[in-house]
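> For the record, the sequence lines run as chains A and B. The UniProt record's numbering numbers the first residue of the first sequence as 1 and each following residue consecutively. The UniProt record's numbering numbers the first residue of the second sequence as 1 and each following residue consecutively. First, the structure itself, so that you have it in front of you.
2 protein chains.
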Amino acid sequence: MTTNPSNTGLADKMRRGAVLAAACPSRKILNHVTSRWGVLVLLALGRGTHRFAELRRAVGGVSEKMLAQTLQCLEADGFVKRIAYPVVPPHVEYSLTPLGEELSIRVEGLTDWIEENLPRIMESRPVSE
Amino acid sequence: MTTNPSNTGLADKMRRGAVLAAACPSRKILNHVTSRWGVLVLLALGRGTHRFAELRRAVGGVSEKMLAQTLQCLEADGFVKRIAYPVVPPHVEYSLTPLGEELSIRVEGLTDWIEENLPRIMESRPVSE
DNA sequence: GTAAGTACACACTAAAAGGTAAGTACTATG
DNA sequence: CATAGTACTTACCTTTTAGTGTGTACTTAC
């Protein structure tokens with residue numbers, strides 16, 4: 001195990017710690033993914049195709065504006081696929097792309113761990129709130 | 001594979017989708033972890049113990065104020081251990097708790113995936129920026 | 001005919017997050 | 001003896017994020 005960052009190889013550093021550099025483009029993607037609603041939308045879509053209003057109900061507390069914004073952002077990153085049927089009233093379906101599926105697995109890994117370990121986490125917190 | 005969220009069992013829903021509920025306490029923890037600097041600090045500390053100034057240099061772009069705030073937050077959640085040696089000039093060491101180690105593995109899973117797939121992601125983006 | 005639902009966009013405002021600069025108390029280095 | 005380094009905190013200000021309310025164009029249910 002490395003206890004000091006300076007004893008990892010340079011190639012390894014480039015490969016695995018690039019996000020730590022401010023200028024790295026993966027920073028932007030990371031920020032989209034870990035945004036307040038991005039994580040939750042990815043999680044919800046991991047369970048299957050949803051319509052806009054369904055997503056809004058699934059993701060507790062999200063506003064229409066933020067949901068629309070988040071979806072557009074994730075779509076631009078290639079994680080979400082949007083299919084609009086030209087009918088009236090409008091019918092739009094959101095789902096994950098293959099890229100999005102892969103990503104949502106990692107996001108789920110994170111959120112599942114938090115949920116499962118919530119008792120341990122709460123326990124280790126000093127007091128209140 | 002479930003394509004519709006309504007055909008998952010209720011117990012399963014409770015266990016795996018609790019974050020989707022606005023009132024769930026795991027929401028708060030998730031927000032701490034996925035905060036702009038939280039992810040990066042967890043990542044940096046995953047490589048070993050760091051002093052404050054070392055962390056500041058490791059995490060590109062973070063200000064002293066935000067680093068201090070982030071560390072206090074992660075410490076309160078039980079992910080980070082702070083050891084202050086009563087010497088002058090001050091000497092403080094930050095490291096991950098066992099809980100933090102487990103968490104940082106999931107965070108790394110996410111960031112490593114993003115870094116590795118950055119070419120694919122950029123490719124799938126329509127244009128510019 | 002009125003209300004609700006569909007999938008948003010837009011304008012305006014409120015709140016939260018984050019940056020900058022300064023200060024602290026002391027030491028080591030040049 | 002001035003400068004830099006240590007680990008922060010505080011005040012102030014800017015930027016970003018998010019909420020609220022409105023409008024659209026049309027349909028279905030009551």
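Cβ atoms here follow ideal geometry from the backbone N, Cα and C, with glycine treated the same way.
1) Quick one: which chain B residues come within Cβ less than 7 angstroms of residue 135 of chain A?
2) Below 8 angstroms on the Cβ atoms is my contact criterion, and I expect A:Ala22 with B:Gly38 to pass it. Report the Cβ-Cβ distance as a whole number of Å.
3) Nearest by alpha-carbon distance to B:Met122: which of A:Ile114, A:Val107, A:Leu99, A:Gly109 is it?
4) Could you tell me whether the Cβ of B:Val92 comes closer than 8 angstroms to any Cβ of chain A?
5) Report yes or no: is there a C-beta of chain B within less than 8 angstroms of the C-beta of A:Ala44?
6) Between B:Pro25 and A:Leu45, what straight-line distance do the alpha-carbon atoms span, to the nearest angstrom?
7) Between B:Val33 and A:Leu40, how many whole angstroms is the CB-CB distance? I'm expecting something under 8 angstroms.
8) How would you list, in chain order, the residues of chain A whose beta-carbon sits under 7 angstroms from the beta-carbon of B:Leu30?
9) Taking 8 angstroms as the cut-off, decide whether the C-beta atoms of A:Leu67 and A:Thr111 are in contact.
10) Mind checking if A:Ala68 is an interface residue toward chain B, Cβ cutoff 8 angstroms exclusive?
11) Within 10 Å of its beta-carbon, does A:Ala84 have 16 or more other beta-carbons around it, so buried, or fewer, so exposed?
12) Taking 8 angstroms as the threshold (C-beta atoms), are B:Arg47 and B:Val92 in contact?
13) Strictly under 8 angstroms for the Cβ-Cβ distance: is B:Ser26 near chain A by that measure?
14) For B:Met14, which residues in the same chain have their Cβ closer than 8 angstroms to its Cβ, ignoring the five residues on either side in sequence?
15) Compare the C-alpha of A:Ser95 against each of A:Gln72, A:Pro89, A:Val87, A:Asn117 and name the closest.
16) In chain B, what lies closer than 7 angstroms to A:Leu103 by C-beta?
17) Just the C-alpha distance for A:Leu103 and A:Ser124, rounded to the nearest angstrom, thanks.
18) Could you tell me whether the Cβ of B:Ile121 comes closer than 8 angstroms to any Cβ of chain A?
19) Would you say B:Arg82 lies against chain A (beta-carbon separation less than 8 angstroms)?
20) Is the distance from the Cβ of B:Thr97 to the Cβ of B:Gly109 below 8 angstroms?
21) Does the beta-carbon of B:Glu115 have 16 or more other beta-carbons within 10 angstroms, so that it is buried, or is it exposed?
22) Express the C-alpha separation of A:Thr70 and A:Trp113 in angstroms, rounding to a whole number.
23) To the nearest angstrom, report how far apart A:Arg106 and A:Glu75 are at their CA atoms.
Looking at the atomic coordinates:
1) Absent from the model: residue 135 of chain A. The displayed extent of chain A is 1 to 129, so no value can be given.
2) Between A:Ala22 and B:Gly38, the beta carbon gap of about 16 angstroms keeps them out of contact (Cβ cut-off 8 angstroms).
3) Minimum Cα distance to B:Met122 is reached at A:Leu99.
4) No, its Cβ sits nowhere closer than 8 angstroms to a Cβ of chain A.
5) The C-beta of A:Ala44 comes closer than 8 angstroms to at least one C-beta of chain B.
6) Using only the alpha carbons, I get a separation of about 21 angstroms.
7) The pair is not a contact, with the Cβ atoms about 13 angstroms apart (cut-off 8 angstroms).
8) Residues of chain A passing the Cβ test: Val39, Thr111, Ile114.
9) The answer is no: Cβ separation not under 8 angstroms.
10) Not one chain B Cβ lies under 8 angstroms of A:Ala68.
11) Within 10 angstroms of the beta-carbon of A:Ala84 lie fewer than 16 other beta-carbons, which makes it exposed.
12) No; because the gap between Cβ atoms is not below 8 angstroms, this pair is not in contact.
13) At a cut-off of 8 angstroms between beta-carbon atoms, B:Ser26 makes contact with chain A.
14) Because B:Met14 sits at a pLDDT of 49, beneath the cut-off of 50, its placement in the model cannot be relied upon, and the following sentence gives the value as read from the coordinates. Nothing meets the Cβ criterion.
15) For A:Ser95, the nearest C-alpha among the options comes from A:Gln72.
16) The answer, in chain order, is Trp113.
17) In this structure, the straight-line span from the alpha carbon of A:Leu103 to that of A:Ser124 is close to 30 angstroms.
18) Yes - at least one Cβ of chain A is within 8 angstroms of the one on B:Ile121.
19) No, B:Arg82 does not count as interfacial toward chain A.
20) No.
21) B:Glu115 comes out buried.
22) Each residue's Cα considered, the two are about 24 angstroms apart.
23) A:Arg106 and A:Glu75 have their C-alpha atoms spaced approximately 18 angstroms apart.
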